[in-house]
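Protein chains in written order, with this note's numbering: chain A, 3 to 366; chain B, 3 to 366; chain C, 3 to 366; chain D, 3 to 366.
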């Protein structure tokens, strides 16, 4: 089948670089004489086309994507609202029901005469992409995750920008910590994977780094802080992934406070460390600041490489694959493979060894 | 009296630029053949000299201050611990008593043969400086406040760096807000004065700006958000000073939640706005991120101007004055005048008019 | 006369913040029910309307100016091509003639039914604005100069961004200079006024600062470098304004090389300093890098204040005035006054004293 | 042999991240109970120990390397002066002779009782490291090159910082180019390899990218610029590696101007493009700005990983190897292999395809 028209969708949380992918796909597609449309807010632009003033899709032309490469976010909008294969539909009686409304998606694609889809997103979006591919639609995936936890690619756009910002934040807390003899805790994204906490912690010279992959012993953390106090470095910086957990696991964390009552794991560490060290303790939660902003040069580049590679894949007749970075080149992995497991920090990787060689406490 | 030796102290919260002042005072003093010592952690280096390994004071020489100008924080350390004129002293029975221990300070100055003091700090430090001056010690003050609420100077170092960072943060939240159709609330410092929330809010194109000087009506805030939703800009950015208050004042705020149970005013706005708008709402508290980091070029410059001006003031025989910026020049104001009142945002100043001319909701 | 429609023009070199003024004027004007048009490339959009596909003017609406506040440059385009009162007109025989074609401008304004003009630009643009005002057109000026050399305002947008970038550049050269024992010369804008070289030089801890206002003695520069070499700081950073001149003036500079044969004053200093010091010398010319980029938070704010103040001035019936910053407020100065003289660095201002108190060589 | 004392040297041009490696090697070595010394200015601290006040070497302890990780440059100093195996020695008659003075190096190592050397540098330093290894000294190399042209590692520290800065510079030139309808040329480092020009050019949306690996046809460049002019995008950005060459090669370049008479290849392109396009053309040479400054988070991380990996290699008894990045892990390659050939941009790599898919002119 020769391609005449493709669609682009962005799903899940926003990440710096999404617009770069959109620009790259559009330019590379138009160069090949293909038409290109963007679907608004995940698949909602098709599933609920009537809710959109503009009909739910945007014609993507070179002039429409001009100058968007350095902008954060996504001009298409995104959503966490719905997987068309298990969609939360409101019923007349006010309750909700999970329905498979993928026929609506298929019909939308047929009405728009779309030959192929470039789906940009995280593991959720890749799983949907797999199912869409099973409906017979040609799909190429482009990986996106701030947390860097997608398998099948060494890196994704957005991650470098997030690490850069988190490092800058740690730099800032250093000066305050040192001036006031404080323990400064910075909590970053990373529910399952500690890449941001680890890389920013190392780059920012954190004294303690706590990640989900290594359950931590708070006594070790206190020991590190007190050992620094004893050698006249009366402050400490702690980089915490939101998903890090104390040894003994989730149970103990929940019963002693947990996310519900406090602000997150950063606050939990602060509360529980307070009795063990003499320093004042302050916590900063970076949260949404990590997702936003203009992509770093590295992320802009990766976005462009991924976007054009997706188009070259379609041109070459590939389908059901996800683009990935396999330095120094781009490669393609089957979509199912990409979503099979999360890419966690190996607890014996050289970065963990680096941390421990530098004297950083990993909580173990 | 001709000066042979001066002391420098930094008090209150840290601010980017403190090290620039220390460097400038040191270089300008040494050029005049004066000796220069830095007191550790406010006045604690003298009040509790025995607690410090290095004796509580540091000889400040040109080589000691080399390369510190671009570092945040203060190499002297700072403290909020104590005003020597009403110091919180621990008693043997475990209780505390407020005592005037300024004689210890005076004796320390005499023992060290210090002829004059450069006191760098906020209103607390300036008030102590006034009292120290009354003891007969020659004092020149250098204003420091992240919040920009010190009277007697158009600007203080640290403020520009804080506004820059807050603006960058708002930029970041913009892309996430727009991609997800959210209301993003950013809470910044400013207990009594809304300068940071106002300037960063304007520079970052916030849609709503709430400052302590203008009690806000939450209905107006909701109206603004909904009006934007109605015109297809389905996200809004709200810049909130931590000290902003709803109309009706502190009482209502406290009873409905307040700082104790929630995270601060940002969280209060989020909670109370939620029923009034359809958007998801997310809050980010910048907190200590605003204090840290390398000073902006503007703040580095201001720090150097203030520091050398303090030395020139001492050389000219001035005492009991605070250095201030009166563009384009430096001026000197009596210390009492500088601490008499806070510099609040005038509710009819051109910046407020600017905000309202741009359509920004000021909550009124 | 009540205003129904206003025009905006941007003239001279571009500066970060121009788009902020355009956005602010547009929003403030539309709020008052006025129409707003932007003239393309200075006055060329009217003088040569036929050369433009879009007719030479752009309807400026709130949606047209959305999101432009943080972009450098000007969406209207700018030009140095022509003063309508002494325009360089091509004659049929291939030569040029200076003509007054202001009647064409006046006619354009009448055809477009423009009631008032907001002219954003430097001294050239302000002088044209004066003459346009004499034709009977209501004009308000908004000052723009990277060099900060416009009288009638303490600061202009673009200047802070330029100083920030120049400071960052000096920071970068520091590390290379120190690692290689080199003299690093950084040449910045400033043909007549040395504000950028002085402020960035101070903020970046330059060892030598050369500005047009203080003719410099190269022997003093060499002395400073060698004195540093003698005390084991084997590198030096020199901040040079492009318009700085050695004592004895322009003549000697021209005959020994000058701008024509070399790259600018930075290169001249390098060539002539080389025989006097043992260090390797490297020169960097920042040039156009200083003009571009996203405006700093300070410049964004100033642009918004200036833009809305211009509209408020028109509303209040003011004419023939330029908006200016007179901290902490905005003021208005007659256009003629604003262009009467340049704002140079006073050679005895506190910033020069600061430099010399820090031991910085000012070449004298 | 068990290690008791190691030495560190930094050679060649400085790069952001050198201090991170020094810090990492020091901390990791001291953790193992080893002593650590830094050699000043390449090997000069040993070859000419008498010229140094401090004896030419620095004891590197944890407290000595505290806080240096985010500083650019190298606290050891560097030099391009001399390869001890072919050293340029001054003779009494004023002439120079190339001598092998490696015995002096060997003796220095013996006197200092150094068991192993960590040599940080580019290809020159790695070649010397090979020869030093042949003298029987245990050597581990750490790769450093701004240009990213070292084989045996996917990336080196300093490169990401350089690309980030070059991208920011291109962003800045965009706004000026667009406002003035100009062609802006930015010349970056890259004598043999075009990595910086290519990556920054892509990330910064340059319209033309010229690299040494692809001889360029100026007619193609002009065609691109004019094609943009014809479609109302009246400006173009050109990213040029200093070592890019027109088709026909070096000869034609040299005869028509070349580096000697003009400023570099950027200026040559400007001169020769001027007759072919109607736009004004401006050139900016980034030069030394690319080397300096605080390392990016990515480069800080890489520096720490390389530094600790070098120590782990020594501990494991490895010798004659260079540390390299083989994502996601660190690997070790024989020193000879690392210096055997340069890592050039493959002309058919996915990044070149990306550029051409985006419509970027690669000059072919």
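Idealized CB from N, CA, C, for every residue including glycine.
Mind listing which residues of the region 64-92 of chain A have their C-beta closer than 9 Å to chain B's C-betas, in chain order? Flagged, chain order: 73, 74, 75, 76, 77, 78, 79, 80, 81 and 82.
Does any C-beta atom of chain A lie closer than 8 Å to the C-beta of residue 94(D)? Not one chain A Cβ lies under 8 Å of residue 94(D).
Roughly how many whole angstroms lie between the Cα atoms of residue 2(C) and residue 270(A)? This structure gives no information on residue 2(C), because the portion of chain C shown stretches from 3 to 366.
Given a limit of 9 Å on CB to CB distance, which residues of the region 350-364 of chain A reach chain D? Within the region 350-364 of chain A, the qualifying residues are 351, 352, 353, 355, 356, 357, 358, 359, 360 and 361.
Please return the same chain residues whose Cβ sits closer than 8 Å to the Cβ of residue 64(A), not counting the five positions on each side in sequence. 28, 29 and 32
Residue 208(D) to residue 227(D), Cα distance in whole Å? Residue 208(D) and residue 227(D): Cα-Cα distance of roughly 11 Å.
Residues of chain A with a CB under 8 Å from the CB of residue 234(B): which are they? Those are 55, listed as they occur along chain A.
Residue 7(C) versus residue 36(C): straight-line alpha-carbon distance, rounded: 5 Å
If the cut-off is 9 Å on Cβ atoms, which residues from the region 269-298 of chain A count as contacting chain B, listed in chain order? Under the 9 Å Cβ criterion, the region 269-298 of chain A contributes 284, 285, 286, 287, 288, 289, 290, 291, 292, 293, 294, 295 and 296.
Measuring alpha carbon to alpha carbon, tell me which residue in 123(C), 120(C), 121(C) and 88(C) is nearest residue 106(C). 88(C)
Near residue 320(B), what residues of its chain come up, given a Cβ to Cβ distance below 8 Å and the 5 sequence neighbours on each side ignored? 142 and 334
Would you mind telling me which residues of chain D sit closer than 9 Å to residue 316(A), beta carbon to beta carbon, in chain order? In chain order: nothing, as chain D lies at least about 12 Å away.
Out of curiosity, what's the CA-to-CA distance linking residue 194(D) and residue 229(A)? 49 Å
Compare the C-beta of residue 374(B) with all C-beta atoms of chain C and state if any pair is closer than 8 Å. No answer is possible for residue 374(B): the residues shown for chain B start at 3 and end at 366.
Using 8 Å as the limit for Cβ to Cβ distance, is residue 207(C) near chain B? yes
Buried or exposed (CB count within 10 angstroms, at least 16 for buried), residue 313(B): Using a 10 angstroms sphere on the CB of residue 313(B), the tally of other CB atoms reaches 16 or more, which defines it as buried.
Using beta carbons (cut-off 8 Å, strictly below), is residue 227(D) in contact with chain A? no
Using a Cβ-Cβ distance cut-off of 8 Å, determine whether residue 216(D) contacts chain G. This model lacks chain G altogether; the protein chains it does include are A, B, C and D.
Per-residue burial, residue 4(A) [other beta carbons within 10 Å of its own, 16 or more giving buried]: So residue 4(A) counts as exposed.
Alpha helix (DSSP H) containing residue 274(B): first to last residue? 267-275
Extract the residue ranges of the alpha helix (DSSP H) inside the region 161-206 of chain C, only unbroken runs of 4 or more that lie entirely within it. 161-182 and 197-205
Hey, is residue 304(D)'s beta-carbon within less than 8 Å of any beta-carbon in chain C? no
In whole angstroms, give me the CA-to-CA distance for residue 259(D) and residue 268(D). For residue 259(D), the predicted structure reports a pLDDT of 46, less than 50, and the residue's modelled location is therefore unreliable. A value from the coordinates is still provided. Going from the Cα of residue 259(D) to the Cα of residue 268(D) covers about 12 Å.
Taking the beta carbon of residue 304(C) as the centre, do at least 16 other beta carbons fall within 10 Å, making it buried, or is it exposed? buried
Between residue 336(D) and the ligand ATP, is there a pair consisting of the residue's CB and a ligand heavy atom that are separated by less than 7 Å? Judged by which ligands are present, the structure shown has none, so any question about the ligand ATP falls away.
Own chain partners of residue 140(D) with C-beta closer than 6 Å, once the 5 adjacent residues on each side are dropped: The residues 118 and 321, in chain order, have a CB closer than 6 Å to that of residue 140(D) in the same chain once the five nearest residues on each side in sequence are set aside.
Within-8 Å CB hit, residue 177(C) to chain D: yes
Against residue 173(D), what residues of chain C qualify as contacts under a CB-to-CB distance less than 9 Å, listed in chain order? 74, 294, 295 and 296
DSSP state of residue 111(D) mapped onto helix, strand, coil: helix
What residue range does the beta strand (DSSP E) around residue 324(A) cover? 323-328 is the span of the beta strand (DSSP E), which, as asked, contains residue 324(A).
From 281(B), 19(B) and 196(B), residue whose alpha carbon lies closest to that of residue 123(B): 19(B)
Cut-off 6 Å between Cβ atoms - residues of its own chain near residue 186(D), not counting five sequence neighbours on either side: 175, 179, 239 and 284
Rounded straight-line distance, which links the Cα of residue 308(C) to that of residue 10(C): For residue 10(C) and residue 308(C), the gap between their C-alpha atoms comes out near 13 Å.
Going by beta carbon distance, what residues of the same chain come within less than 6 Å of residue 169(A), once the five residues before and after it are set aside? 202, 205 and 206
Assuming residue 172(D) and residue 161(D) make a contact with CB atoms under 8 Å, what is their CB distance in whole Å? In fact, because the Cβ distance is near 16 Å, the residues do not count as touching under 8 Å.
What span of residues does the alpha helix (DSSP H) with residue 307(B) cover, start to end? 299-317
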